[in-house]
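Residue numbers for the sequence shown follow our numbering, beginning at 44 and rising by one. From the three backbone atoms N, C-alpha and C, an ideal C-beta is built for every residue, glycine too. For clarity, every value in this text was computed on a predicted model and none was experimentally measured. Presented below is the structure to which this report refers.
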Amino acid sequence: MDVLLPRSLEEALRMKAERPEAIPLAGGTDLMVDVNFGR
């Protein structure tokens, strides 16, 4: 898994255009805890 950290909407849109398979995620703190612990 790669994590992209855009600093602006423009940068986020450019990243999404460059990597169409990327899935935008906001507020993923709980999700990432589960991923890190293999749940």
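Worksheet item: Cα separation between A55 and L48?
Response: 8 Å
Worksheet item: CA-CA distance, L52 and F80?
Response: Going by C-alpha positions, L52 is about 31 Å away from F80.
Item to complete: Using a threshold of 8 Å, state whether the C-beta atoms of M58 and A65 are closer than that.
Response: In contact: M58 and A65 (Cβ atoms closer than 8 Å).
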